[in-house]
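Report on one structure; see the data block that follows.
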Amino acid sequence: MNTKLAYLIAFALLLVAPLVLYPVFLMKLLCFALFASAFNLILGFGGLLSFGHAAFFGGAAYITGHALKVWGLPTELGILIGALSAGVLGLAIGLLAIRRQGIYFAMITLAMAQMVYFFFISADFSGGENGLQGVPRGSFLGLVDLQNNTAMYYFVLGVFVLGYFLIARAVHSPFGQVLSAIRDNEARAKSLGYDVERYKLLAFVLSATIAGLAGATKTVVFQLASLTDAHWHMSGEVVLMTLLGGLGTIAGPAIGAGIIVTLQNTLASGPLSSWVPVVLGLIFVLCVLAFRRGVVGEIQALIRKSF
Amino acid sequence: MLTDLLGFPPQVLFGQLLLGLINGAFYAVLSLGLAVIFGLLNIVNFAHGALYMLGAFATAGLTTYFGIGYWGALILAPLIVGAIGMLIERFLLRRLSGVDHLYGLLLTFGLALVIEGSFVKLFGSSGLPYAPPPQLMGGVNLGFMFLPWYRGWVVLAAVVMCLVTWYIFEKTKIGAYLRAGTENPKLLQAFGVNVPLLTTLAYGYGVALAAFAGVLAAPITQVSPLMGSNLIIVVFAVVVIGGMGSIMGAIVTGLSMGVIEGLTKVFWPEASATVIFAVMAIVLVLRPAGLFGNAT
Amino acid sequence: MTLKKTLIAGVSAASLLCGAASAEISDGVVKIGLMSDMSGTYSDVAGEGAAVAAQMAIEEFGGTVAGAPIEIVTADHQNKADIAANKAREWADTGQVDAFAELVTTSVALAVFEVAKQQNKIALVSGSASSPLTNEACIPTGLHWTYNTRALAVGTGSAIVKEGGDSWYFLTADYAFGEALERDVSAVVEASGGTVLGSAKHPFPASDFSSFILQAQASGAKVIGLANAGADTVNAIKAANEFGVVAAGQKIAGLLVFMPNVKSIGQDVAQGLQMTVSFYWDMDDETRAWSQKFYEKTGKMPTGIQAGTYSSVLHYLKAIEATGTDDTDTVLAKMREMPVEDMFAKGGTLRTDGRMVHDMYLAEVKKPSESEGEWDLLKIVRTIPGEEAYGPLSESTCPTK
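Top to bottom, those sequences are chains U, Y and B.
Going by numbering that gives the first Met the number 0, the first sequence opens with residue 0, and the numbers climb by one from there.
Going by numbering that gives the first Met the number 0, the second sequence opens with residue 0, and the numbers climb by one from there.
Going by numbering that gives the first Met the number 0, the third sequence opens with residue 0, and the numbers climb by one from there.
Quick look at the structure:
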């Protein structure tokens, strides 16, 4: 009941947010919140640290950009194609990576993502280090012009809610329960007759697809896809967002993403502007050492303790 | 024609093989350091690239500020950076004992950001100049290529370092303790061995290896704050191919990946950045634990 | 509530005041948004130094233009196009920014161009090198100030062919910029009667250049052209020196080299290297005086990008002063009409494709024995007339020229 109320309040706040805050900034925030939530599905609930999620985020960004700019597809279809391609890429990388766990899994996803990155550097259609620029925003169902920031915001909000709902559904479904069981004790889950690898693969593909959805949407918002989206620093950033917000909590990653994006945006033009990487690194270290449950995790623990 | 092998004169091929070996020497020393750390601490040291960079900066700094030349730096820089590493282990990583090893990876990732970011701030992004030691200027004509003395020295120094490390770990008492610590730290502690100290030393040694590679690299690559940040990803792939934590695996894979990459630079230069990752994918399909690793 | 009221009162008072002073300046303030790489690869050649240079232009105006105060806001885009696009939009939508400045790296410049086009704001590009900014990717309000790949190609390429370096082999970074540079230089080399024997594409960034250097050596070309930048160029030059390429008679041509690069290669190794520059601090009394002031603020001598940022901001402010308005179209027309005259550019002209045409210089790295100080690194060998460096307007493929 309480969570439902919290969600309602959060949704209401998001509805009125563009009246107070700058919509483009909010859209960026939502895209990263969705990205982090998707990532959390595989780390928080699947117990697998992927260090290559930038490949899905950036891959979808590029494919959507190409679909909209060169093929001239409608916006919704372009985003869909981007997300699905990320899913296919997730299947390919996942098939290879889920054979191993823990650190191996992290290294393998990192290396595979690096291959994807090099592909985008040298491929012709991606524009190399210039990125894919001038992607048209188009319109929603051919009716609402998305060039308008407010219209675009509500479109992004729609995508976010959809993606978020999908993740929440997956986590609370029997599938999500099995996934958590595998995370907590893989051998036991196996002995209970679950096809562990298939569950993990499915979670990985789902996570990749939604990460792709976030990347694709971001391309439409900023009208560009660039190498930043596919670089391994992006993979690191999404880990930070998730960790900061709270691993394995449904709302945590979105909140973590909010904090990091706000921080990046504020620091970018303040006196600390050239210290951004250092500040992010320090937050990382602090989180890992003192704050492993993340913002939401700590709050939950506090509530549990006091009631 | 015999003089042409696949369209390339054999001289070119020999030259590329040798150069590949030289690059492989760097991979070997760096992945060896990772393997040592992984073996005992079970963490992937994401700060390895940053510490490699620290080694190179220490080399340039020792010369600029203290007038200590290359040969002094070859000893001092790994000691200094190794000591920094031991502090990192003692005061940061040790707090993570008992939690998931992935947190170690994340902590060192954060550290890498802090170290590299601060160095950009302090020294600028362009880096410092550094020349090879005068004794190793020039080179020798091998017939198929001109080999700078310095590159020859790099291979020699790296291989000796690898063999020494292998000897320490496989043939000495300390090595036996270290291996025992990997297998069962509690039991080892019960036998009266100071395992936390051993862990600190192992991390320091792994870091010192990274710094050693940094010293070797200082005269041939740009000594800049971000020099290690991309290299490290390739080294990760090398470690995965070799089998994480395997000393011999790290050495052999490091050298051979250098050679494979060198050959790719001749036959298909565009793919040379990705060939190691491709090899990794193939190895993982065939031998998920890596070439020298034990299945876990 | 009270806070809000005070704010509103304050704002309206301020707008009243400014309104009285200059009816034609939007929001009563001329605001320049300077975006650069403050923490990454390009922070040495652009970065905070560029912000200082822009500030120096503003100080020359005493902080006001056409009766309105001049403000500058800066941001670190971290070489991320999305951060740049986000900031640019925010500045334009809510920050009353009238013009964007510096914008190093092409991905950032292109992203800001998109915003500038939609919002009809002026973009003063200094740090990006890509020729497309005034060709297929041009926008009516985008001005490319300091240099471009074509100018680099013409300057270095034709000079070296003239000296007898008529056969070339390229080491090309395998990405758009590297390829553009190789293409531009090849055209110049062939037009001057030279031949291109081939090229090796190296990954970007590449950690080791020895094997590419060896391939270049085997090609037998007289000149090895480095179609790359930054750390790649530095590492390639270091490797070429180590492998005795220069000693064996082949010449290295760095196509995009900045002064900080020369410093990090070391003068010993870099001596004799020829490069095309838009600016060098030690050219005449004016550049020396300005650079000395810059040095006092930053502890470094300015790069071409930083000096170019100063020039572009200064010219922009001059046009506002002359017209009394910050209306984009009026200012732009005035900027095109006035010659660009300052310590950076002498008699520069602003073309309709956005190109600022000014003289470029072929420079050579001094021998350590010729050098009189830490910053005494280059000597100017030749002045390349602007027309020659940038080509005629008819060559531009900009659709709105």
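Cβ atoms here follow ideal geometry from the backbone N, Cα and C, with glycine treated the same way.
Bounding residues of the alpha helix (DSSP H) (the contiguous stretch that carries residue i)
i: residue 237/B; result: 229-241
i: residue 381/B; result: Here residue 381/B belongs to no alpha helix (DSSP H); instead the beta strand (DSSP E) covers 377-383.
i: residue 117/Y; result: 101-122
i: residue 63/Y; result: 47-65
i: residue 143/B; result: Taken as a continuous stretch (DSSP letters only), residue 143/B belongs to no alpha helix (DSSP H), being part of the beta strand (DSSP E) at 141-143.
i: residue 260/B; result: 258-264
i: residue 233/U; result: 231-244
i: residue 292/Y; result: Here residue 292/Y belongs to no alpha helix (DSSP H), and DSSP marks it neither H nor E.
i: residue 86/U; result: 74-96
i: residue 85/Y; result: 69-90
i: residue 172/Y; result: 172-182
i: residue 41/U; result: 22-42
i: residue 145/Y; result: Where residue 145/Y is concerned, there is no enclosing alpha helix (DSSP H), although the beta strand (DSSP E) it sits in stretches over 145-147.
Selected residue, minimal CA-CA separation from residue i, among the options
i: residue 219/Y; options: 21/Y, 182/Y, 190/Y and 14/Y; result: 21/Y
i: residue 262/U; options: 75/B, 67/B and 118/B; result: 75/B
i: residue 123/U; options: 143/B, 179/B and 341/B; result: 179/B
i: residue 201/Y; options: 28/Y, 81/Y and 16/Y; result: 81/Y
i: residue 67/U; options: 295/U, 211/U and 218/U; result: 218/U
i: residue 51/U; options: 228/U, 224/U, 223/U and 253/U; result: 228/U
i: residue 296/B; options: 55/B, 44/B, 39/B and 25/B; result: 55/B
i: residue 163/Y; options: 11/Y, 190/Y, 32/Y and 15/Y; result: 32/Y
i: residue 60/B; options: 355/B, 317/B and 377/B; result: 317/B
i: residue 309/U; options: 63/B, 78/B and 371/B; result: Any property of residue 309/U remains undetermined from this structure, which presents chain U solely from 0 to 306.
i: residue 84/U; options: 279/U, 245/U and 212/U; result: 212/U
i: residue 275/B; options: 188/B, 41/B, 134/B and 252/B; result: 252/B
i: residue 132/U; options: 177/U, 139/U, 65/U and 173/U; result: 65/U
i: residue 145/Y; options: 240/B, 145/B and 229/B; result: 240/B
Segment limits, beta strand (DSSP E) that includes residue i
i: residue 372/B; result: Here residue 372/B belongs to no beta strand (DSSP E), and DSSP marks it neither H nor E.
i: residue 363/B; result: 359-364
i: residue 273/B; result: 273-276
i: residue 162/B; result: From DSSP, residue 162/B is part of no beta strand (DSSP E); its letter is neither H nor E.
i: residue 174/B; result: First-last for residue 174/B: undefined, no H or E at that position.
i: residue 70/B; result: 67-75
i: residue 301/B; result: Where residue 301/B is concerned, there is no enclosing beta strand (DSSP E), given that its DSSP letter is neither H nor E.
i: residue 34/B; result: 29-35
i: residue 401/B; result: Residue 401/B cannot be examined here, being either before or after the span of chain B that is shown, 0 to 400.
i: residue 128/U; result: Here residue 128/U belongs to no beta strand (DSSP E), and DSSP marks it neither H nor E.
i: residue 225/B; result: 222-226
Closer than 9 Å at the beta carbon, the chain U residues around residue i
i: residue 202/B; result: 117, 120 and 121
i: residue 299/B; result: None at all; the shortest Cβ gap to chain U is about 15 Å.
Rounded distance between the beta-carbons of residue j and residue i, thought under 8 Å
i: residue 169/U; j: residue 205/U; result: 6 Å
i: residue 151/B; j: residue 201/B; result: 19 Å between Cβ atoms; not a contact.
i: residue 221/B; j: residue 165/B; result: 7 Å
i: residue 55/Y; j: residue 213/Y; result: 4 Å
i: residue 158/B; j: residue 114/B; result: Incorrect: roughly 38 Å between the Cβ atoms, too far for contact.
Interface residues of chain U facing residue i [CB-CB closer than 7 Å]
i: residue 273/Y; result: 114 and 117
i: residue 89/B; result: 21, 23 and 24
Chain-ordered neighbours of residue i on chain U, where CB pairs are closer than 8 Å
i: residue 100/Y; result: 101 and 102
Neighbour list for residue i in chain Y, Cβ cutoff strictly below 9 Å
i: residue 259/B; result: 123, 124, 125 and 126
Residue i CB to nearest heavy atom of the ligand FMN below 7 Å
i: residue 81/B; result: The ligand content of the structure shown is nil, which means the ligand FMN is not present either.
Contacts of residue i in chain Y (Cβ-Cβ under 8 Å)
i: residue 291/U; result: 98 and 102
i: residue 105/U; result: 43, 101 and 104
Contact set between residue i and chain B, taken where Cβ atoms lie within less than 8 Å
i: residue 130/Y; result: 265, 267 and 268
For the stretch 119-137 of chain U, which residues have a beta carbon sitting closer than 8 Å to at least one beta carbon of chain B? Under the 8 Å Cβ criterion, the stretch 119-137 of chain U contributes 120, 121, 126, 127, 128, 129, 130, 132 and 133.
According to a CB-to-CB cut-off of less than 9 Å, which residues of the stretch 267-282 of chain U neighbour chain Y? The residues in question are 273, 274, 275, 276, 277, 278, 279, 280, 281 and 282.
Below 8 Å between beta carbons is the criterion; list the residues of the stretch 220-231 of chain U that meet it against any residue of chain B, in chain order. Cβ contacts with chain B come from 221, 222, 223, 225, 226, 227 and 228.
Name the residues in the stretch 9-41 of chain U whose C-beta lies less than 7 Å from a C-beta of chain Y; which are they? For the stretch 9-41 of chain U, the beta-carbon criterion of a distance under 7 Å to any beta-carbon of chain Y is satisfied by none of its residues.
Could you please tell me which residues of the stretch 192-217 of chain U, in chain order, have their CB closer than 8 Å to any CB of chain B? So the list reads 217, given in the order they occur along the chain.
Got a sec: which bits of the stretch 55-83 of chain B sit with their beta carbon under 8 Å from any beta carbon on chain U, in order along the chain? Answer in chain order: 72, 73, 74, 75, 76, 77, 78, 79, 80, 81 and 82.
Taking beta-carbon pairs under 7 Å, can you tell me which members of the stretch 104-123 of chain B lie near chain U? So the list reads 105, 106, 109, 110 and 113, given in the order they occur along the chain.
If contact means a Cβ-Cβ distance below 8 Å, which residues of the stretch 162-176 of chain B contact chain U? The stretch 162-176 of chain B vs chain U, Cβ under 8 Å: 173, 174, 175 and 176.
Output needed in chain order: residues of the stretch 358-392 of chain B with a Cβ under 8 Å from some Cβ in chain U. Taking a C-beta cut-off of 8 Å against chain U, none of the residues of the stretch 358-392 of chain B qualify.
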